[in-house]
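What follows is a set of notes on a single structure, which appears directly below.
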Amino acid sequence: MDSAALREISLFTGLTSNHLDVLSDIVEDREVAAGTVLFREGDEGDELFMLVRGKVRISKRVEGVGEEALAILGPGACFGEMALINDLPRSADAVCNSSCVLGVIRRERFEELLFLNKDLACELLWTFVRMLSERLAETSDKIRSFFAMSARF
């Protein structure tokens, strides 16, 4: 994936051109068919996915209910980023709703990059912190809405 394509990924829009060039060296391109399971909840993870083309469904299995879609992601989205930071199992399923073109960063390559390029490491880690903080705020809002709705019953 070249640096121009990386600039379209929400996680990397604030990076400099030089940093995008360095980052592009560790991104693997992957094309996958509709219906492909990228990962399941509970799987070990070591890859971050960036969606260039297509749609990916992020969902969880709810006992007694079935699959609950959490999000349908489109081009520019990234997911699975926690696998680059920790060794915890995947927290949801990711399935391609259509044929997809993905950029993939493996943890090993990411850690090497952080070790070798401290300026980029600082920028990337702050970008991750901002993104995760936004996701936490969104989750808090959803929980608040859920409790407000459930209080009616």
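Quick note on numbering: the working numbering labels position 125 of the sequence shown as 878, and the sequence is numbered without any gaps. Glycine residues also receive a C-beta, built at the ideal position from the N, C-alpha and C atoms.
- For M835, which of S812, D799 and L877 has the nearest alpha-carbon? D799
- Give every residue of the same chain whose Cβ lies closer than 8 Å to the Cβ of N863, excluding the five residues on either side of it in the sequence, and list them in chain order. The residue you asked about is not Asn; residue 863 is Phe in the sequence shown. So the list reads I779, L801 and L837, once near-sequence residues are dropped.
- Task: Please list, in chain order, all residues of the same chain as N870 whose beta carbon is under 7 Å from its beta carbon, the five residues on each side excluded.
- Result: V775
- In the DSSP assignment, what are the bridge partners of I825? R810
- Thinking C-beta only, is S812 closer than 7 Å to L823? yes
- List the endpoints of the continuous alpha helix (DSSP H) containing F900. K871 to S903
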